[in-house]
Amino acid sequence: MSEYRPDEGSFNIDGARVAIAVARWNSQITESLLQGAQRALLRHGIAEKDVHVFRVPGAFELPLACSKLAQSGRFDAVIALGCVIRGGTPHFEYVSGETTRGIGEVALREGLPIAFGVLTTDTLAQAQERSGDNAENKGEEAALTALEMISLFRQL
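Here is the structure:
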C-alpha cells in the first residue's frame with residue numbers, strides 16, 4: 001500500500017489567508033516544519049502577506065491557539081505545527097493525545113480546516129527525518145492538506 005501524499009494539483013485558493021500556529025518547544029524541529037509549510041504555500045500561489053505565523057510555547061497550547069485563530073474569521077485554514085518526542089515518562093502520551101484530540105475538536109466545532117502538522121516521534125532522529133528539507137517534511141504536507149481542504153470547502 002502506498003503512503004498517502006496530499007494533492008499537488010491545482011487548488012481553488014485565490015485570495016486565501018492561512019494562519020500557522022507553531023510551537024516553540026523543540027524549535028529545531030518546528031522551525032523546519034514551518035519552513036516546509038511556507039515553501040508549499042508560496043509554491044502554490046498563497047501570497048506572503050496572506051500567511052500569518054503565530055508562536056505558542058508548546059504543542060499542548062496549539063488547540064487553544066487554533067481555536068482563537070479559527071474564531072477570528074480572518075483565515076480560510078489554520079495549520080498546527082509542533083513536535084512531541086517520547087521520553088521516559090507518560091508525559092508524551094498526555095501531551096500528544098490531548099494535543100491531537102484538541103486540534104480535532106477545534107476543526108469540528110469551528111467548521112474550518114485545521115491541518116495537523118504535529119510530529120509525535122520516539123526519537124529526535126525520527127523528528128529530524130520528518131522535518132528536513134526533503135519530500136518527507138510534514139509541515140509541507142500539512143500546508144498541502146490545508147490548501148486541498150480550502151479548495152474542497154469552496155466547491156461545497
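Here the sequence shown is numbered in UniProt numbering, starting from 1 and rising by one per residue.
In this text, a Cβ means the ideal position worked out from N, Cα and C, and glycines have one as well.
Helix, strand or coil: how does DSSP classify residue i here?
{"i": "Thr100", "result": "helix"}
{"i": "Gly87", "result": "coil"}
{"i": "Gly36", "result": "helix"}
{"i": "Phe119", "result": "The amino acid occupying residue 119 in the given sequence is Leu; Phe does not appear at that position. Of the three classes helix, strand and coil, the one that applies to Leu119 here is strand, per DSSP."}
{"i": "Ile46", "result": "coil"}
{"i": "Ala80", "result": "strand"}
{"i": "Thr29", "result": "Position check: residue 29 holds Ile in this sequence, whereas Thr was assumed. Correct three-state label for Ile29: helix."}
{"i": "Ile114", "result": "strand"}
{"i": "Pro57", "result": "coil"}
{"i": "Phe153", "result": "helix"}
{"i": "Phe75", "result": "coil"}
{"i": "Glu136", "result": "coil"}
Given a threshold of 16 other Cβ atoms within 10 Å of its Cβ, counted over all protein chains shown, does residue i qualify as buried or as exposed?
{"i": "Ser32", "result": "buried"}
{"i": "Asp76", "result": "buried"}
{"i": "Gly88", "result": "exposed"}
{"i": "Arg130", "result": "buried"}
{"i": "Asn12", "result": "exposed"}
{"i": "Met1", "result": "Low local confidence applies: a pLDDT of 39 at Met1 is under 50, so the model's placement there is unreliable, with the coordinate-based value given in what follows. Classification of Met1: exposed, given that the 10 Å Cβ count is below 16."}
{"i": "Thr121", "result": "buried"}
{"i": "Ala16", "result": "buried"}
{"i": "Leu147", "result": "buried"}
On a Cα-Cα basis, can you pick out the residue from the options that is closest to residue i?
{"i": "Ala59", "options": "Gln38, Asp122, Gln35, Phe92", "result": "Phe92"}
{"i": "Asp14", "options": "His44, Thr30, Thr99", "result": "His44"}
Tell me whether the beta-carbon of residue i lies closer than 9 Å to the beta-carbon of residue j.
{"i": "Ala135", "j": "Ala37", "result": "no"}
{"i": "Val78", "j": "Ala47", "result": "no"}
{"i": "Ala127", "j": "Ile85", "result": "yes"}
{"i": "residue 205", "j": "Cys83", "result": "Nothing about residue 205 can be read from this structure; the chain reaches only from 1 to 156."}
{"i": "Leu34", "j": "Gly139", "result": "yes"}
{"i": "Ala80", "j": "Leu112", "result": "no"}
{"i": "Leu64", "j": "Val56", "result": "yes"}
Where DSSP assigns a beta bridge to residue i, which residues make up the other side?
{"i": "His52", "result": "Ala19"}
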